[in-house]
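Protein chains in written order, with my numbering: chain A, 672 to 955; chain B, 147 to 470.
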Amino acid sequence: MSQRAAINPSAPLSRVRAGVGEGGRAARSREVLERAAALLAPLGLLLFWELLVRSAVLDARFFPAPSSIVGTFYTLVFVVPWQNALPNHLLVSLSRAAVGFLLGAIPAIALGVVMGLVPLVRAALQPIIGALFPIPKVAILPLVMLIFGLGEQSKWAIIAIGVFFQVLIATAAGVANIERIYLDVGRNFGASRLETYWTIALPGALPLIFAGIRLGWGVALLLLVTAEMVSSKSGLGYLIWQSWQTFSVEEMYVGLVTIAALGIVSFWLLDAIESWLLPWKARR
Amino acid sequence: MAGAPDGRESICYSAGAVRVCRPLEQRRRGRVSMVVEGGRGMALTEAELGELDGGTRLRESPTAKIATEQLGKVFQARNGRVVALREVDLVIPDGQFCCIVGPSGCGKTTLLRILAGLEEHTDGRLKLTHADPTKPLNSMVFQEQSIFPWMTVESNVGYGLKMRRVGGRQRREIVEYYVDKVGLAAFRRAYPHQLSGGMKQRVSVARAFANDPEILLMDEPFAALDEQNKNLLQEELLKIWEESKKTVVFITHSIDEALVLGDRVLVMTASPGTLKADIPVEFPRPRQVYELKASPAFGELAYNVWSQLRDEVMRARDEEAVRP
Numbered sequence: 672m673s674q675r676a677a678i679n680p681s682a683p684l685s686r687v688r689a690g691v692g693e694g695g696r697a698a699r700s701r702e703v704l705e706r707a708a709a710l711l712a713p714l715g716l717l718l719f720w721e722l723l724v725r726s727a728v729l730d731a732r733f734f735p736a737p738s739s740i741v742g743t744f745y746t747l748v749f750v751v752p753w754q755n756a757l758p759n760h761l762l763v764s765l766s767r768a769a770v771g772f773l774l775g776a777i778p779a780i781a782l783g784v785v786m787g788l789v790p791l792v793r794a795a796l797q798p799i800i801g802a803l804f805p806i807p808k809v810a811i812l813p814l815v816m817l818i819f820g821l822g823e824q825s826k827w828a829i830i831a832i833g834v835f836f837q838v839l840i841a842t843a844a845g846v847a848n849i850e851r852i853y854l855d856v857g858r859n860f861g862a863s864r865l866e867t868y869w870t871i872a873l874p875g876a877l878p879l880i881f882a883g884i885r886l887g888w889g890v891a892l893l894l895l896v897t898a899e900m901v902s903s904k905s906g907l908g909y910l911i912w913q914s915w916q917t918f919s920v921e922e923m924y925v926g927l928v929t930i931a932a933l934g935i936v937s938f939w940l941l942d943a944i945e946s947w948l949l950p951w952k953a954r955r
Numbered sequence: 147m148a149g150a151p152d153g154r155e156s157i158c159y160s161a162g163a164v165r166v167c168r169p170l171e172q173r174r175r176g177r178v179s180m181v182v183e184g185g186r187g188m189a190l191t192e193a194e195l196g197e198l199d200g201g202t203r204l205r206e207s208p209t210a211k212i213a214t215e216q217l218g219k220v221f222q223a224r225n226g227r228v229v230a231l232r233e234v235d236l237v238i239p240d241g242q243f244c245c246i247v248g249p250s251g252c253g254k255t256t257l258l259r260i261l262a263g264l265e266e267h268t269d270g271r272l273k274l275t276h277a278d279p280t281k282p283l284n285s286m287v288f289q290e291q292s293i294f295p296w297m298t299v300e301s302n303v304g305y306g307l308k309m310r311r312v313g314g315r316q317r318r319e320i321v322e323y324y325v326d327k328v329g330l331a332a333f334r335r336a337y338p339h340q341l342s343g344g345m346k347q348r349v350s351v352a353r354a355f356a357n358d359p360e361i362l363l364m365d366e367p368f369a370a371l372d373e374q375n376k377n378l379l380q381e382e383l384l385k386i387w388e389e390s391k392k393t394v395v396f397i398t399h400s401i402d403e404a405l406v407l408g409d410r411v412l413v414m415t416a417s418p419g420t421l422k423a424d425i426p427v428e429f430p431r432p433r434q435v436y437e438l439k440a441s442p443a444f445g446e447l448a449y450n451v452w453s454q455l456r457d458e459v460m461r462a463r464d465e466e467a468v469r470p
């Protein structure tokens with residue numbers, strides 16, 4: 672990629688030819704340098720932080736040293752009983768997010784495809800969705816808890832609702848924006864309605880559906896933590912809220928770092944799934 | 147309905163009739179006789195066609211693959227009615243390669259879409275003869291990029307067969323044959339984004355032929371290609387077509403292309419489009435594109451077509467200039 676970028680189409684041929692060899696080598700060493708910078712900069716920042724705390728420039732009560740956070744991390748993983756351990760909190764949170772996400776995303780994709788293809792359904796649902804979507808989902812958490820109780824169901828429900836709208840809107844837009852000619856091809860080659868959904872509408876909308884799934888997963892994590900802070904005795908949100916109430920700042924940082932890691936890893940995973948499901952998309 | 151004694155099925159549509167693609171679907175489920183809907187679209191045997199009021203031209207052309215009588219199409223636009231086609235009388239016999247040329251915007255594509263069942267006509271009658279109900283009636287090759295980006299070359303070529311429930315092995319064999327034929331064997335598992343424009347149109351042509359329809363409808367399939375690719379694809383198309391001798395309706399704006407490919411060239415008027423001239427093209431087959439183009443007879447005929455077309459092109463241009 673970077674090699675290709677080094678070739679300037681408007682440059683005279685002799686210069687271009689020289690550029691392939693030298694430019695290629697230069698690009699490679701630049702790449703190595705960039706990777707090193709990406710790795711070293713955060714490490715440097717952590718070291719700087721540690722030094723600031725140790726020299727008492729930063730208040731260790733609010734900004735505990737990275738080394739002490741790592742210590743707390745170890746304790747939370749290996750020392751405390753399973754009930755209060757970090758892996759337990761992580762698993763509980765993950766299962767809540769996953770269940771809620773699936774409950775929201777699957778019906779959203781199904782309905783979104785129908786909305787995208789059937790103008791009448793779209794006309795009927797558009798205003799309802801337009802009215803409901805802008806409500807901050809956190810605002811209806813009390814109502815959801817009223818209806819579903821304080822148990823797991825209310826967490827699944829609030830996450831599902833948040834995910835549902837994101838994925839629905841993306842899917843409907845994705846299907847509605849499929850080039851009309853592909854639908855003409857389907858008709859001309861005798862595809863039934865179901866076959867049209869399955870072989871044209873769904874795959875054609877998949878890139879946008881994936882964009883919706885990404886946004887949806889972000890919303891899921893947000894609502895997960897909120898719901899766990901409000902009404903839970905387990906999960907990462909609970910861990911963070913609990914450490915605020917007991918003023919165990921190190922634990923709070925452990926919770927934050929874990930959530931951040933969860934976010935990063937899950938988006939990596941989504942990337943991998945996307946390139947596996949969409950081999951036909953030209954890579955940048 | 148079992149059809150006439152010789153087993154032929156005629157499908158006749160009056161104005162505003164049901165889509166042609168519906169019988170295509172129904173044929174797949176073995177229900178040709180169910181084409182009747184609301185007394186407008188009718189599946190008729192030849193005998194029944196004879197009793198039809200009007201429809202003289204349809205009646206008098208029993209061997210026609212495609213016949214239209216006073217066919218017209220009016221679009222309801224927001225600022226009034228737009229007449230796209232008027233009084234098209236057309237008879238295309240089975241196995242003919244028929245090219246239609248006309249100025250841009252004259253309604254050639256609309257005509258083709260009506261024949262394909264993607265559009266409904268609003269006036270007149272259309273008769274399409276579906277001789278073998280086990281085969282699809284028509285397949286279209288579109289002008290723009292129309293192959294599915296999310297399918298490999300193979301899956302694209304096999305799409306029609308899959309929709310017709312042609313089984314795995316048979317489908318693979320047919321697909322392989324046509325992928326080979328259009329010279330894309332090395333790219334069978336490639337996705338369209340890895341192909342050039344010419345290769346994509348090859349896939350589109352292969353997809354239509356693999357579906358083995360009785361009628362091939364081609365809407366300026368090579369218009370977007372460069373000259374070399376265009377000539378290559380024309381030769382390939384001729385080769386494949388000469389094997390199968392399907393009825394072809396080929397829309398183009400290029401007189402050369404129409405003369406190289408067709409048995410006959412129909413010239414359309416400027417909008418609202420109707421047929422202006424019907425010029426037989428009697429060059430022997432098999433044809434070699436470049437040799438043919440170099441012959442004096444070709445030049446003469448091309449001039450002949452152009453003299454018919456010129457006025458229409460001028461008129462289309464003037465109207466474009468007048469339009470706000």
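Glycine included, every Cβ here is placed at the ideal spot set by N, Cα and C.
Check: Per-residue contacts from R318 (chain B) into chain A (C-beta, under 9 Å); Outcome: The contacting residues do not exist; R318 (chain B) stays about 18 Å from chain A at best.
Check: 8 Å CB neighbourhood of I800 (chain A) in its chain, flanking five on each side removed; Outcome: F836, L839 and I840
Check: Neighbourhood of E197 (chain B) by C-beta, 8 Å cutoff - its chain only, sequence neighbours within 5 removed; Outcome: Its pLDDT being 49, under 50, E197 (chain B) is placed unreliably by the model, and the measurement read from it follows with that caveat. Within the same chain, E197 (chain B) has no close Cβ partners at all.
Check: Three-state class that DSSP yields for F333 (chain B) in the structure shown; Outcome: helix
Check: Cβ-based burial, S903 (chain A) [other Cβ within 10 Å; buried from 16]; Outcome: buried
Check: K219 (chain B), DSSP secondary structure in three states; Outcome: strand
Check: Residue span of the beta strand (DSSP E) that contains A423 (chain B), given as start and end; Outcome: L421 to P426
Check: Inter-stretch contact (C-beta, 8 Å, three-pair minimum) for the region 732-745 of chain A and the region 841-853 of chain A; Outcome: no
Check: Through-space distance from P282 (chain B) to F243 (chain B), alpha-carbon basis; Outcome: 18 Å
Check: Distance between V741 (chain A) and V928 (chain A) (C-alpha atoms, nearest Å); Outcome: 10 Å
Check: T280 (chain B) classed as buried or exposed, judged by whether at least 16 other C-beta atoms fall within 10 angstroms; Outcome: exposed
Check: DSSP beta-bridge partners of M414 (chain B); Outcome: B:L421
Check: DSSP state of H760 (chain A) mapped onto helix, strand, coil; Outcome: helix
Check: L894 (chain A) - DSSP class collapsed to helix/strand/coil; Outcome: helix
Check: Three-state secondary structure assigned by DSSP to C167 (chain B); Outcome: Bear in mind that the predicted position of C167 (chain B) carries a pLDDT of just 31, short of 50, making it unreliable; the figure below should be weighed with that in mind. C167 (chain B): helix per DSSP, three-state reduction.
Check: Contact list for A862 (chain A) against chain B, beta-carbon separation under 7 Å; Outcome: M309
Check: Neighbouring residues, chain A, relative to G343 (chain B) (Cβ below 9 Å); Outcome: Going along chain A, no residue has its Cβ under 9 Å from G343 (chain B), so there is no contact; the nearest lies around 15 Å.
Check: Min CB distance G787 (chain A) to chain B below 8 Å; Outcome: no
Check: Amino acids of chain A, ordered along the chain, whose beta-carbon sits closer than 8 Å to that of G306 (chain B); Outcome: F860 and G861
Check: Bridge partners - I238 (chain B), DSSP secondary structure assignment; Outcome: B:I212
Check: 8 Å Cβ cutoff met for E381 (chain B) and V435 (chain B); Outcome: yes
Check: Assigned exposure category for W939 (chain A) - 16 Cβ within 10 Å defines buried; Outcome: exposed
Check: Exposure of D424 (chain B), with buried meaning 16 or more beta-carbon neighbours within 10 Å; Outcome: exposed
Check: Exposure label - M816 (chain A); buried when at least 16 CB within 10 Å; Outcome: buried
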